[in-house]
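The next block holds one structure in the form of structure tokens; read it before the comments.
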Amino acid sequence: MRSLINSISIITSSEGFVFVDFSWRNIHFFMNDEWVEYLASTNMKVILLADVKMAALANYYKQNEKSVTEVLYLSEGLGATLINFRKVFIGLPLFRRSGRALTKKERQVLYLTLKHKGVADISTEMSLDVKSVYNIRQRIESKIGMKIRRFA
Numbered sequence: 004m005r006s007l008i009n010s011i012s013i014i015t016s017s018e019g020f021v022f023v024d025f026s027w028r029n030i031h032f033f034m035n036d037e038w039v040e041y042l043a044s045t046n047m048k049v050i051l052l053a054d055v056k057m058a059a060l061a062n063y064y065k066q067n068e069k070s071v072t073e074v075l076y077l078s079e080g081l082g083a084t085l086i087n088f089r090k091v092f093i094g095l096p097l098f099r100r101s102g103r104a105l106t107k108k109e110r111q112v113l114y115l116t117l118k119h120k121g122v123a124d125i126s127t128e129m130s131l132d133v134k135s136v137y138n139i140r141q142r143i144e145s146k147i148g149m150k151i152r153r154f155a
């Protein structure tokens, strides 16, 4: 578990924060919930540093995991990111509209697709019809802004 955690570029501070490099290049480290369970056990505030492709998945975790207290979107630019860092450190809320989040089913289909599962396998595993799996994958691709089939 330590090697997993060390390999996803965690930056900690003495103020009780854990900053996680939640970027697409690290997607395979986030394909199960061990990472979030481990970080939750530290009793520190987990801040996800998300790139554009991972924003919807980061929003999913912010909505569904109490330990994920904030998402900083690196696409907002350096100036805005630095301002948001300061706000997080002093405990001010970040006022912004909530971005699109993946649903639980979408997250599961994304992870299964990235584990090289085909539509038929996903359909069977999740007890969905094939058409539903295709529709879910299309919604995922819309939310992350890229095709996921090429990674399967």
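For the sequence shown, counting from 1, position 71 maps to 74 in my numbering; every step adds exactly one. Here a beta-carbon is modelled for each residue, glycine too, at the ideal position from N, C-alpha and C.
Beta-bridge partners of residue i, as assigned by DSSP
| i | result |
| --- | --- |
| Asp24 | Leu52 |
| Glu73 | Ile50 |
Helix, strand or coil at residue i [DSSP, three-state]
| i | result |
| --- | --- |
| Glu79 | helix |
| Glu68 | coil |
| Asp132 | coil |
| Thr84 | helix |
| Asn35 | coil |
Beta-carbon spacing of residue i, residue j below 8 Å
| i | j | result |
| --- | --- | --- |
| Ile147 | Arg140 | no |
| Leu42 | Val74 | no |
| His31 | Leu115 | no |
| Tyr76 | Arg110 | no |
From the options, residue whose alpha carbon lies closest to that of residue i
| i | options | result |
| --- | --- | --- |
| Arg142 | Val112, Glu68, Asp24 | Val112 |
| Val55 | Phe20, Asp36, Ser26 | Ser26 |
| Gly19 | Gln66, Phe33, Ser70 | Ser70 |
CB contact check: residue i to chain C, cutoff 8 Å
| i | result |
| --- | --- |
| Asp54 | Reference to chain C is not applicable here, since this structure consists of a single protein chain. |
(request) Determine, using beta-carbon pairs with one atom in the segment 39-50 and one in the segment 129-145, whether at least three such pairs fall under 8 Å. (result) no
(request) Report yes or no: do three or more beta-carbon pairs, one from the segment 56-68 and one from the segment 93-107, lie closer than 8 Å? (result) yes
(message) Is it the case that the segment 80-87 contacts the segment 29-45, given that we only count it when at least three CB pairs across the two stretches are under 8 Å?
(response) no
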